[in-house]
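Those letters in the sequence shown? Residues 1065 to 1320, by the numbering used here.
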Amino acid sequence: KLRRHKRIGEKSVLVTAYDYPQALIADKAGVDAILVGDSCGMTTHGFKTTLPVTMDMMIVHAEAVARGASNAFLIGDMPYMSYQSSNELAVENAGRFIRAGMDCVKVEGAMIERIEAIVKSGIMVMSHLGLTPHTRAKMGGYRVQGKTAKSAEIILDQALRLQDAGCSFLLLEAMPTEPAGMIAEKLSIPVYGIGAGDRVDGQLVILHDLIGLFWEFKSKFVKRYCEAGQLIQQSLEQYRDEVKKGVFPAPENFYE
């Protein structure tokens, strides 16, 4: 379906999910694909970065999402150091995601040899270029990538080599609209963006950003569709007040 979207010019909708209810809701909403992102380290576990996330943590999240989603295409995010050291490790960990119910794995960076090995084992790969959180320190922190003609050409060259290596999809993060769109036009595989403008083949957004679970911080590229965090807090405050005042539980909440 995702490849067909590219052929006919239909945008694909991708979102993150990390547990069963999130996946169930996203699936019912009709999103095309769900990324079980290593961003769970920040959204769910409270880490400052994604680097502490392990394969064991990711598999727990992947299995929960797979139980909740029956229609969406599922992508497992390979965490830091789960593929970098050897082809064998990369294939083994990609296989763990497939056994956990994923349809595809996401690999950061232009890891040509690793991606070739994973693809050769029969597993689909989504590559991830632009801002890559695993190597953000080398990039000078969380900064927009591909702003100069030279850097955009480097990313395009990497993208073409990844496509030749057999990757099925590409994710571009934190890039200006023009270079991201140019890459999407030159590649035959679907190219998605997270903060990469509107000329790519589809959009990925972190669920917690989309629904306002973390309302203290908002990235420029995120549109907030509701304030779920504030709604949850208000509901808990009302619950607290009603318990303190003896309003809840009321007779209609009693068992006879």
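Note that CB positions come from ideal geometry on N, CA and C, so glycine has one too.
Unbroken alpha helix (DSSP H) runs of length 4 or more, entirely within the region 1148-1179: which are they? Complete alpha helix (DSSP H) runs here, min 4: 1151-1163.
For the 8 Å Cβ check, are there 3 or more pairs between the region 1181-1195 and the region 1120-1135? Too few Cβ pairs lie closer than 8 Å, so no.
Best match in Lys1284, Leu1295, Phe1233 and Val1286 for proximity to Leu1099 [C-alpha to C-alpha]: Start at 1 with the first residue of the sequence shown, and residue 1099 comes out as number 35. Among Lys1284, Leu1295, Phe1233 and Val1286, the Cα nearest to that of Leu1099 is on Phe1233.
Identity of the residue in Leu1277, Lys1308, Leu1236 and Asp1305 nearest Ile1296 by Cα: Locating residue 1296 in the sequence shown gives position 232, counting from the first residue. Looking at the Cα atoms, Leu1277 is the closest of the given residues.
Evaluate contact between the region 1212-1227 and the region 1260-1271, counting only Cβ atoms and requiring at least three cross-stretch pairs below 8 Å. With the cut-off at 8 Å, the region 1212-1227 and the region 1260-1271 do not touch.
For the alpha helix (DSSP H) containing Asp1305, name the first residue and the last one. Working through the sequence shown from its first residue, we reach residue 1305 at position 241. Per DSSP, Asp1305 belongs to the alpha helix (DSSP H) from Ala1292 to Lys1309.
Ordered along the chain, which non-local residues of its own chain (more than five positions away) have a Cβ less than 8 Å from that of Asp1096? Position 32 of the sequence shown, counting from 1, holds the residue named residue 1096. Answer for Asp1096: Lys1065, Leu1066, His1069, Ser1076, Val1077, Leu1078, Ala1136, Phe1137 and Gly1266, listed in chain order.
Euclidean distance between Cα positions of Ile1270 and Cys1290: Within the sequence shown, the letter at position 206 stands for residue 1270. Within the sequence shown, the letter at position 226 stands for residue 1290. Approximately 13 Å, taken between the alpha carbons.
Cα-Cα separation between Val1286 and His1272, rounded to whole angstroms: Reading the sequence shown from its first residue, position 222 is the one you call residue 1286. Reading the sequence shown from its first residue, position 208 is the one you call residue 1272. Those two C-alpha atoms are separated by around 10 Å.
Would Met1145 and Val1171 be called neighbours here (beta carbons separated by less than 8 Å)? For the purposes of this step, residue 1145 is taken as residue 81 along the sequence shown, with counting starting at 1. For the purposes of this step, residue 1171 is taken as residue 107 along the sequence shown, with counting starting at 1. Met1145 places its beta carbon 8 Å or farther from that of Val1171.
Measure the alpha-carbon distance for Met1203 versus Ala1314 and round it to whole angstroms. Taking the first residue of the sequence shown as position 1, residue 1203 is located at position 139. Taking the first residue of the sequence shown as position 1, residue 1314 is located at position 250. Only weak support is given to the placement of Met1203: the predicted model assigns it a pLDDT of 48, under 50, and the value that follows is read from those uncertain coordinates. Cα to Cα, the separation comes out at about 57 Å.
Per DSSP, which one or two residues make a beta bridge with Val1264? Residue 1264 sits at position 200 when you count from the first residue of the sequence shown. The beta-bridge partner set that DSSP reports for Val1264 is empty.
Between Arg1230 and Gly1293, what straight-line distance do the alpha-carbon atoms span, to the nearest angstrom? By one-based count along the sequence shown, residue 1230 stands at place 166. By one-based count along the sequence shown, residue 1293 stands at place 229. Before going on, a small fix: residue 1230 reads as Gly here, not Arg. Looking at the two C-alpha atoms, the distance is approximately 40 Å.
Which stretch, first to last residue, makes up the beta strand (DSSP E) that contains Met1190? Here residue 1190 corresponds to residue number 126 of the sequence shown, with the count starting at 1. Run containing Met1190: Met1188 to Gly1194, per the beta strand (DSSP E) assignment.
When we look at the beta-carbon of Ile1072 and count the other beta-carbons within 10 Å, is it buried (16 or more) or exposed? Your numbering for residue 1072 matches position 8 in the sequence shown. Burial check for Ile1072: the Cβ neighbour count within 10 Å stays below 16, so the residue is exposed.
Can you list, in chain order, the residues of its chain with a C-beta nearer than 7 Å to that of Phe1161? Leave out the 5 residues immediately preceding and following it. The count along the sequence shown starts at 1 and reaches residue 1161 at position 97. Once the five neighbours on either side are set aside, the close Cβ partners of Phe1161 are Ala1126, Gly1140 and Val1169.
Per DSSP, what are the beta-bridge partners of Gly1257 in this structure? The residue labelled residue 1257 in the question sits at position 193 within the sequence shown. Per DSSP, Leu1236 and Gln1267.
In whole angstroms, what is the alpha-carbon distance linking Thr1196 and Thr1108? In the sequence shown, counting from the first residue as 1, residue 1196 sits at position 132. In the sequence shown, counting from the first residue as 1, residue 1108 sits at position 44. Cα to Cα, Thr1196 sits roughly 20 Å from Thr1108.
Could you tell me whether the Cβ atoms of Leu1268 and Ile1258 are closer together than 8 Å? On the sequence shown, residue 1268 is found 204 positions in, with the first residue counted as 1. On the sequence shown, residue 1258 is found 194 positions in, with the first residue counted as 1. In this structure, Leu1268 places its C-beta atom within 8 Å of the C-beta atom of Ile1258.
So what does Gly1140 bridge to, in DSSP terms? Taking the first residue of the sequence shown as position 1, residue 1140 is located at position 76. Bridge partners of Gly1140: Val1100 and Val1169.
Taking C-beta to C-beta, are Ala1128 and Asp1083 nearer than 8 Å? Position 64 of the sequence shown holds residue 1128. Position 19 of the sequence shown holds residue 1083. Yes; because the gap between Cβ atoms is below 8 Å, this pair is in contact.
Asn1317 versus Val1311 - alpha carbon distance: The residue given as residue 1317 occupies position 253 in the sequence shown. The residue given as residue 1311 occupies position 247 in the sequence shown. Their backbone Cα atoms lie some 11 Å apart in a straight line.
Taking 7 Å as the cut-off, is the beta-carbon of Asp1167 closer than that to any non-hydrogen atom of the ligand SAM? With respect to the ligand SAM, the structure shown offers nothing to examine, as it has no ligands at all.
If you draw a straight line from the alpha carbon of Thr1080 to that of Asp1305, how long is it in whole angstroms? Reading the sequence shown from its first residue, position 16 is the one you call residue 1080. Reading the sequence shown from its first residue, position 241 is the one you call residue 1305. Spanning the two alpha carbons is a distance of roughly 34 Å.
What's the gap between the Cα of Glu1242 and the Cα of Cys1104? Within the sequence shown, the letter at position 178 stands for residue 1242. Within the sequence shown, the letter at position 40 stands for residue 1104. The C-alpha of Cys1104 is placed about 30 Å away from the C-alpha of Glu1242.
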